[in-house]
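> Residue numbers (the numbering used here): 11 to 141. Sharing a structure here in structure tokens format.
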């Protein structure tokens, strides 16, 4: 079953809607991975449910992101203490906890997200590989 998710990409400084197969873990890993941060396990966070996210949505984040000397972070406006290392997916859940299409308003998401570099200073400039 195909589902629509939102990819928050601090490397490209974008938030896009993507379509994946809901039960195919490789799709999640592929979207969450970056050349500097390959992902082979993720964690689910409900930290912002009801504030920025629709009640049935959650965040999928790299479970080992902070251990990888991350180049980029995702933060939520008004929340100083929590930054997620690398890319983040917004995914919906049903009553049984299965992945379904996200219900969050993408414009509300865009208005409440910021990107930061390694120094945690906010940025809107896409990441470039060192030369």
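Ideal Cβ placement from N, Cα and C applies to all residues, glycine included.
Taking residue 41 as part of the alpha helix (DSSP H), name the residues at either end of that continuous run.
35 to 42
> In or out: residue 19 buried (at least 16 other Cβ within 10 Å) or exposed?
With 16 or more other Cβ atoms from the protein chains shown falling within 10 Å of its own Cβ, residue 19 counts as buried.
> Just the C-alpha distance for residue 137 and residue 79, rounded to the nearest angstrom, thanks.
15 angstroms
> Can you name the start and end residues of the beta strand (DSSP E) that residue 117 belongs to?
Residue 117 -> not in any beta strand (DSSP E); alpha helix (DSSP H) instead, spanning 116 to 121.
> Check residue 127 in the structure and name its three-state DSSP category.
Residue state, collapsed to three classes: strand.
> Mapping the DSSP letters down to three states, classify residue 88 as helix, strand or coil.
coil
> Return helix, strand or coil for residue 96, following the three-state DSSP convention.
Correct three-state label for residue 96: coil.
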